[in-house]
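Student: Residue numbers (the working numbering), protein chains in the order written: chain F, 116 to 456; chain Z, 116 to 456.
2 protein chains.
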Amino acid sequence: MVEESPRQATIFDVARLAGVSHQTVSRVVNDLPNVRAATRARVEDAIKKLRYVPSPAARALVTRRSRTIGLIATGGPEFGPSSTVLYFNSAARDARWSVFTADMVDSDPGAIRSAVEAFLRQNVEGIAVIAGFEVAAEVVAAMNLTIPLVVLQATRRAGLDTVGADQYRGARSAVAHLIGLGHRSIAHLAGPPESVDAQERERGWRDELAAHGLVAAVSGVGDWSPAAGFAFGMAFDPDAATAVFVANDQMAVGLMHALTVRGRSVPEDVSVIGFDDIPEAAHLSPPLTTVRQDFRRIGHDMLDTLLERIDGAAATPRPQSVPEFVERSSTAPPRSAGRQP
Amino acid sequence: MVEESPRQATIFDVARLAGVSHQTVSRVVNDLPNVRAATRARVEDAIKKLRYVPSPAARALVTRRSRTIGLIATGGPEFGPSSTVLYFNSAARDARWSVFTADMVDSDPGAIRSAVEAFLRQNVEGIAVIAGFEVAAEVVAAMNLTIPLVVLQATRRAGLDTVGADQYRGARSAVAHLIGLGHRSIAHLAGPPESVDAQERERGWRDELAAHGLVAAVSGVGDWSPAAGFAFGMAFDPDAATAVFVANDQMAVGLMHALTVRGRSVPEDVSVIGFDDIPEAAHLSPPLTTVRQDFRRIGHDMLDTLLERIDGAAATPRPQSVPEFVERSSTAPPRSAGRQP
DNA sequence: CTCCGCAATGTGATCGCTCACATATGTCAG
DNA sequence: CTGACATATGTGAGCGATCACATTGCGGAG
Chain F
116 MVEESPRQAT IFDVARLAGV SHQTVSRVVN DLPNVRAATR ARVEDAIKKL RYVPSPAARA
176 LVTRRSRTIG LIATGGPEFG PSSTVLYFNS AARDARWSVF TADMVDSDPG AIRSAVEAFL
236 RQNVEGIAVI AGFEVAAEVV AAMNLTIPLV VLQATRRAGL DTVGADQYRG ARSAVAHLIG
296 LGHRSIAHLA GPPESVDAQE RERGWRDELA AHGLVAAVSG VGDWSPAAGF AFGMAFDPDA
356 ATAVFVANDQ MAVGLMHALT VRGRSVPEDV SVIGFDDIPE AAHLSPPLTT VRQDFRRIGH
416 DMLDTLLERI DGAAATPRPQ SVPEFVERSS TAPPRSAGRQ P
Chain Z
116 MVEESPRQAT IFDVARLAGV SHQTVSRVVN DLPNVRAATR ARVEDAIKKL RYVPSPAARA
176 LVTRRSRTIG LIATGGPEFG PSSTVLYFNS AARDARWSVF TADMVDSDPG AIRSAVEAFL
236 RQNVEGIAVI AGFEVAAEVV AAMNLTIPLV VLQATRRAGL DTVGADQYRG ARSAVAHLIG
296 LGHRSIAHLA GPPESVDAQE RERGWRDELA AHGLVAAVSG VGDWSPAAGF AFGMAFDPDA
356 ATAVFVANDQ MAVGLMHALT VRGRSVPEDV SVIGFDDIPE AAHLSPPLTT VRQDFRRIGH
416 DMLDTLLERI DGAAATPRPQ SVPEFVERSS TAPPRSAGRQ P
């Protein structure tokens with residue numbers, strides 16, 4: 116309920132009603148010691164009666180604190196970024212912090228900078244960046260902010276608080292699975308090169324292959340979209356690989372579509388693995404083997420790290436979460452071979 | 116770049132440097148008349164030199180305005196709601212407004228109320244609600260806010276500014292297509308009953324059927340998730356309907372999966388239509404016929420409506436956008452019949 | 001009984017801006 | 001040359017909180 120009253124009550128109104136000074140009211144509101152229990156009760160009564168709410172503007176003016184965070188989200192409406200935004204926001208609300216969100220449709224450095232400036236103008240106490248694109252993190256980091264900054268990104272970086280899942284290990288587990296199944300020529304459809312996550316997944320693919328003496332053969336690059344997966348699927352030589360590790364589920368959808376169009380079946384002719392485990396993954400035809408990321412945890416980790424730094428503490432290093440391999444039916448041993456030892 | 120300087124410059128610093136009074140600086144900053152061009156230039160110079168930025172806290176304290184909006188988003192990480200959030204935010208940024216976002220994972224009335232209260236405490240000048248669930252709009256409306264409120268919801272409502280696409284017509288166009296193809300028994304898998312959009316789509320289905328003298332037969336209810344679509348697909352009697360109009364694409368994915376599992380093919384045995392046109396829709400097997408919503412436009416409409424009301428104007432009624440029917444290959448004439456006149 | 005010290009409370013300045021009003025400067029008719 | 005009236009600029013109060021410091025009240029040691 117909101118009062119239609121002529122004016123919001125101020126700290127002085129409360130003080131008058133409770134018969135104390137405004138300073139005592141301030142003490143009660145901020146839960147400071149040295150207030151007699153009886154006094155505190157009287158004040159709390161008055162507060163309730165007047166529906167008093169401290170003015171954040173006045174408070175911010177003098178304390179230079181706002182209990183407010185800025186969140187920069189790049190990566191568009193993709194499942195991953197938008198889930199992270201959601202969980203970050205809801206974690207913040209639970210912690211009674213307000214968050215300004217700036218969704219960037221593209222990653223224009225100028226736009227990012229001006230979003231950060233808007234945040235600063237609003238007196239945010241910290242900034243979180245979901246760095247779908249590497250440049251986003253760099254641009255913000257280069258601004259040399261005096262307030263804490265935490266970046267969601269797969270690679271750790273000196274002098275930068277970073278949170279994120281271990282994309283590299285996730286990718287390796289996916290490729291290891293294919294190798295275990297007997298695949299020897301495993302292609303990769305990577306995400307955009309500007310994305311650190313994409314880079315890490317590609318590196319994981321390459322390294323796992325190398326660890327087994329295999330060479331990284333066919334590969335392509337996409338922009339995360341199903342359309343990109345489709346384009347790749349129509350273009351590559353399907354006989355050159357018995358399996359494809361795709362950098363995200365959406366592109367895997369497009370790839371499987373192309374494969375179908377070309378008369379190849381999954382997993383009989385070619386195995387496909389995605390990444391993310393979008394809700395649809397389990398219900399594609401065939402259900403998609405993938406690597407699951409815990410976006411809820413990532414969002415919470417980001418917030419916790421940021422709040423720690425805002426409190427002045429060094430951020431306790433959080434172990435990177437390791438994405439979980441999820442086997443479904445888009446992967447099978449290659450036609451030619453049985454399972455390898 | 117951010118100054119590491121001891122203290123942010125204030126209006127007085129600028130005034131001193133420019134050799135004018137603080138009030139003149141204020142005039143320049145707020146672009147008020149009655150300042151000589153030469154003076155204005157001197158002040159602007161000083162502002163630039165000192166990297167002066169007005170303090171929003173101080174300004175908000177006296178003007179009681181914050182140039183800030185609160186956005187309540189229900190509907191989780193689904194494609195529709197999260198796209199809308201994204202476009203709303205980015206439109207707001209373009210208009211130089213800041214927005215606080217509160218993503219609600221569930222739609223607990225208490226949580227919604229407290230999110231609104233947090234917004235009020237932050238002095239937001241308006242609130243936008245993406246009402247995935249009807250109750251969300253109701254809860255906020257019932258709070259009798261003194262600030263403007265705009266709700267994204269399919270149905271118009273007296274005394275409430277509402278924005279949204281015409282779900283009803285979208286649904287009718289989908290069903291009309293099926294009827295045109297020759298289908299006579301068209302099932303419906305609805306969204307959750309708490310969702311106004313779901314209600315509208317179901318109503319569209321029912322009315323279009325009735326308009327052709329057909330009866331609404333089999334139908335089910337899901338929660339928008341692929342899993343729900345799958346469950347429905349496994350449970351319903353596939354011989355009782357030659358086509359299914361599904362309330363969203365994600366559930367359609369699950370339904371098609373179930374159909375495949377049960378050895379029915381789409382569209383030969385049963386046609387399927389979804390709603391939303393998620394990016395994956397074009398690349399499913401088969402590519403999904405659906406109804407496309409323009410979330411970008413919806414986000415912008417919400418913002419524009421809200422800003423108009425904040426400016427004191429009555430909101431100019433915006434025509435509801437009509438979702439666009441998109442034919443792909445998950446629909447075909449029923450086995451038994453050819454195309455009808 | 002006095003004095004000290006701590007707990008409880010009050011006072012006034014201050015944060016950085018805008019608002020309402022006062023004052024200075026300039027221009028032109030009479 | 002003077003007054004009137006606009007235009008340009010300055011002054012001081014006040015928004016609603018916190019902060020630093022001053023004051024009061026009370027119980028126990030000397």
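C-beta: ideal position from N, C-alpha, C; glycine also.
Every value quoted in this text rests on a predicted model; they were computed, and no experiment measured them.
With DSSP as the reference, label E395 of chain Z as helix, strand or coil.
Tutor: Here E395 of chain Z sits in helix by DSSP.
Student: Have a look at the DSSP bridge pairing and note the partners of R407 of chain F.
Tutor: In the DSSP output, where bridge partners are listed per residue, R407 of chain F has F:D391, F:E439.
Student: Can you give me the C-alpha to C-alpha distance between S380 of chain Z and A256 of chain F, rounded to a whole angstrom?
Tutor: Whole-angstrom Cα-Cα distance: 53 Å.
Student: How would you list, in chain order, the residues of chain F whose beta-carbon sits under 9 Å from the beta-carbon of R236 of chain Z?
Tutor: Ordered by position in chain F, the residues that pass the 9 Å Cβ test against R236 of chain Z are V168, P169, S170, P171, S213.
Student: Between which two residues does the alpha helix (DSSP H) harbouring D218 of chain F extend?
Tutor: D218 of chain F -> not in any alpha helix (DSSP H); beta strand (DSSP E) instead, spanning 213-219.
Student: Starting from the C-beta of E323 of chain F, find all residues in its chain whose C-beta is less than 6 Å away, skip the five residues before and the five after it, and write them out in chain order.
Tutor: Within the same chain, E323 of chain F has close Cβ partners R287, V290, A291.
Student: Which residue marks the beginning of the alpha helix (DSSP H) containing H292 of chain Z, and which one marks its end?
Tutor: From DSSP, the alpha helix (DSSP H) with H292 of chain Z extends over 282-296.
Student: Let's see if you can read the secondary structure: which residues bound the beta strand (DSSP E) around L304 of chain F?
Tutor: Per DSSP, L304 of chain F belongs to the beta strand (DSSP E) from 301-305.
Student: Looking at chain F, is there any beta carbon in it that lies within less than 9 Å of the beta carbon of E395 of chain Z?
Tutor: Yes - at least one Cβ of chain F is within 9 Å of the one on E395 of chain Z.
Student: M371 of chain Z CB to nearest chain F CB: under 9 Å?
Tutor: Yes, because at least one Cβ of chain F sits closer than 9 Å to the Cβ of M371 of chain Z.
Student: In terms of residues, what are the limits of the beta strand (DSSP E) holding S98 of chain F?
Tutor: Within the shown structure, residues of chain F are numbered from 116 to 456, placing residue 98 of chain F beyond reach of any answer.
Student: Where do the N-terminal and C-terminal ends of the beta strand (DSSP E) with F360 of chain Z fall, by residue?
Tutor: Where F360 of chain Z is concerned, the enclosing beta strand (DSSP E) stretches over 358-361.
Student: Between the C-alpha atoms of G453 of chain F and E383 of chain F, what's the straight-line distance to the nearest angstrom?
Tutor: A caution first: G453 of chain F carries a pLDDT of 43, below 50, which makes its placement in the model unreliable, though a value can still be read off. Each residue's Cα considered, the two are about 13 Å apart.
Student: Which residues of chain Z have a Cβ atom closer than 7 Å to the Cβ of N204 of chain F, listed in chain order?
Tutor: Residues of chain Z passing the Cβ test: T216, A217, D218.
Student: Is the beta carbon of V361 of chain Z closer than 9 Å to that of T446 of chain Z?
Tutor: No, the Cβ-Cβ distance between T446 of chain Z and V361 of chain Z is not below 9 Å.
Student: Per DSSP, which residues does D276 of chain Z bridge with? Please list them.
Tutor: BP columns for D276 of chain Z point to Z:V265.
Student: What residue from F:L201, F:V250, F:R377, F:E232 has the CA that sits closest to A221 of chain F's CA?
Tutor: According to the sequence provided, residue 221 of chain F is Asp. The question's Ala does not apply to it. Here the closest residue by C-alpha is F:V250.
Student: Would you report the Cα separation of S436 of chain F and D276 of chain F, rounded to the nearest angstrom?
Tutor: Near 15 Å, if we compare the C-alpha coordinates of D276 of chain F and S436 of chain F.
Student: The alpha helix (DSSP H) that contains V143 of chain F, what's its start and end?
Tutor: Run containing V143 of chain F: 137-144, per the alpha helix (DSSP H) assignment.
Student: Assuming contact is defined by CB atoms lying nearer than 9 Å, are E232 of chain Z and I262 of chain Z in contact in what I supplied?
Tutor: For E232 of chain Z and I262 of chain Z, no; Cβs fall outside 9 Å.
Student: Closer than 9 Å, CB to CB, is L422 of chain F near chain Z or not?
Tutor: False, the Cβ-Cβ gap to chain Z never drops below 9 Å.
Student: Contact between the segment 142-159 of chain Z and the segment 192-201 of chain Z is defined here as three or more beta-carbon pairs at a separation below 8 Å; is this criterion met?
Tutor: Flag = no, the segment 142-159 of chain Z and the segment 192-201 of chain Z do not touch.
Student: Pick from F:R411, F:P432, F:F410: whose alpha carbon is nearest that of T420 of chain F?
Tutor: Closest option to T420 of chain F, Cα to Cα, is F:P432.
Student: Alpha carbons only, please: which of Z:I425, Z:R179, Z:A367 is nearest the one belonging to A343 of chain Z?
Tutor: Here the closest residue by C-alpha is Z:A367.
Student: To the nearest angstrom, how far is the alpha carbon of A132 of chain Z from that of L422 of chain F?
Tutor: Rather than Ala, the amino acid found at residue 132 of chain Z in this sequence is Leu. Going by the C-alpha atoms only, they are around 38 Å apart.
Student: With a threshold of 8 Å (Cβ to nearest heavy atom), would R318 of chain F be considered close to the ligand ATP?
Tutor: In terms of ligand content, the structure shown is empty, and the ligand ATP therefore cannot be addressed.
Student: Give the secondary structure of T446 of chain F by DSSP, where H, G and I count as helix, E and B as strand, and everything else as coil.
Tutor: Looking at T446 of chain F - three-state DSSP - the assignment turns out to be coil, as it is neither helix nor strand.
Student: Quick check for students: name the residue ranges of the beta strand (DSSP E) that lie wholly in the segment 190-246 of chain Z, counting only runs of 3 or more.
Tutor: Counting only runs of 3 or more, we get 213-219, 241-245.
Student: Going by the CB atoms, is the gap between V265 of chain F and T216 of chain Z shorter than 9 Å?
Tutor: No; because the gap between Cβ atoms is not below 9 Å, this pair is not in contact.
Student: Kindly identify the DSSP beta-bridge partner or partners of A188 of chain Z.
Tutor: For A188 of chain Z, which the question treats as bridged, DSSP gives the partners Z:D218, Z:I245.
Student: So is R208 of chain Z in contact with chain F if we call contact Cβ pairs under 9 Å?
Tutor: Closer than 9 Å to some Cβ of chain F, the Cβ of R208 of chain Z qualifies, so yes.
Student: On the premise that T357 of chain Z lies in contact with H298 of chain Z, defined as a C-beta separation below 8 Å, what is that separation, rounded to the nearest angstrom?
Tutor: H298 of chain Z to T357 of chain Z, Cβ: 5 Å. Contact.
Student: Roughly how many angstroms separate the alpha carbons of V143 of chain F and V168 of chain F, rounded to a whole number?
Tutor: So the alpha carbons of these two residues sit roughly 13 Å apart.
Student: How would you call V177 of chain Z, buried or exposed, if buried means at least 16 neighbouring beta carbons within 10 angstroms?
Tutor: Answer is exposed; the Cβ neighbour count stays below 16.
Student: Beta-carbon of K164 of chain F versus every beta-carbon of chain Z: anything under 9 Å?
Tutor: For K164 of chain F, the answer is no, since every Cβ of chain Z falls outside 9 Å of its Cβ.
Student: The segment 345-367 of chain F: which residues have C-beta closer than 8 Å to a C-beta of chain Z, in chain order?
Tutor: From the segment 345-367 of chain F, only F345, Q365 have a Cβ closer than 8 Å to chain Z.
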